Amino acid sequence: MSGEQLSWKHALGVAGVIFVISYAFLQFWNTRGNSLPQNSWIAVGVLVLMAVLMLYAGNEIRIYLKGESKRPPSPQKARNTVVAAQACILGGAAFTGWYAGTAAVQVTRLSTTTGPGAFAVAAVLTVACIGLVGAGLLVQSWCKLPEDDDKTPKRGKSSGSAPEVI
Numbered sequence: 049m050s051g052e053q054l055s056w057k058h059a060l061g062v063a064g065v066i067f068v069i070s071y072a073f074l075q076f077w078n079t080r081g082n083s084l085p086q087n088s089w090i091a092v093g094v095l096v097l098m099a100v101l102m103l104y105a106g107n108e109i110r111i112y113l114k115g116e117s118k119r120p121p122s123p124q125k126a127r128n129t130v131v132a133a134q135a136c137i138l139g140g141a142a143f144t145g146w147y148a149g150t151a152a153v154q155v156t157r158l159s160t161t162t163g164p165g166a167f168a169v170a171a172v173l174t175v176a177c178i179g180l181v182g183a184g185l186l187v188q189s190w191c192k193l194p195e196d197d198d199k200t201p202k203r204g205k206s207s208g209s210a211p212e213v214i
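Residue numbers in the sequence shown follow this note's numbering, run continuously in steps of one, and reach 214 at the last position.
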């Protein structure tokens, strides 16, 4: 499967846009006397589990492409792994922006009784989401096919095409 790989720039762009939107909305919501959404420590565990499962799924592809395994993964599994990695990149970036926006609003509430705890949860969730983005970027890089050795272009491909990913 050939296609554009996502980079940290894509993730940073998504996170930045979502941060601005969520911060503006949550600040507006908070100044109107409404309570902010409650974050949960359970979400941290879910995000860490997602990152670990992503790394586990990508490891089979990495081992095969490094030549350490003779059993190739199925094309469907390889494609699904790349798609899942890119979903982790974009989804993790979107949630990074959301939780960072939540943490930024919670900074103004640190003097309240619930403020420090709510800020801590939002900050840890932001870091966990960054980890999910990192796992997605790493697995996506593991799924990149090596360049061909011969200089002749393959049939149906131009010589200036993007590198293939499984």
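Yeah, the Cβ is synthetic: ideal placement off N, Cα and C, and Gly gets one too. The structure presented is a predicted model; accordingly, all values stated were derived computationally and were not measured.
- As the crow flies, the alpha-carbon of Gly145 is around 9 Å from that of Ile69.
- Taking each of Val181, Leu193, Glu195 in turn and checking the Cα distance to Leu103, the smallest one comes out for Val181.
- Where Cys136 is concerned, the enclosing alpha helix (DSSP H) starts and stops at 123-155.
- Across the structure, Gly165 and Ala151 are spaced so that their CA atoms are roughly 11 Å apart.
- If you look at Ser70, you'll find it in the alpha helix (DSSP H) that goes 56-79.
- With respect to Val92, Ala141 sits apart: the two C-beta atoms are not nearer than 7 Å.
- One thing to note: Gln75 has its Cβ within 7 Å of the Cβ of Val153.
- For Ala135, the CB contacts under 8 Å within the same chain, skipping 5 residues up- and downstream, are Gly184 in chain order.
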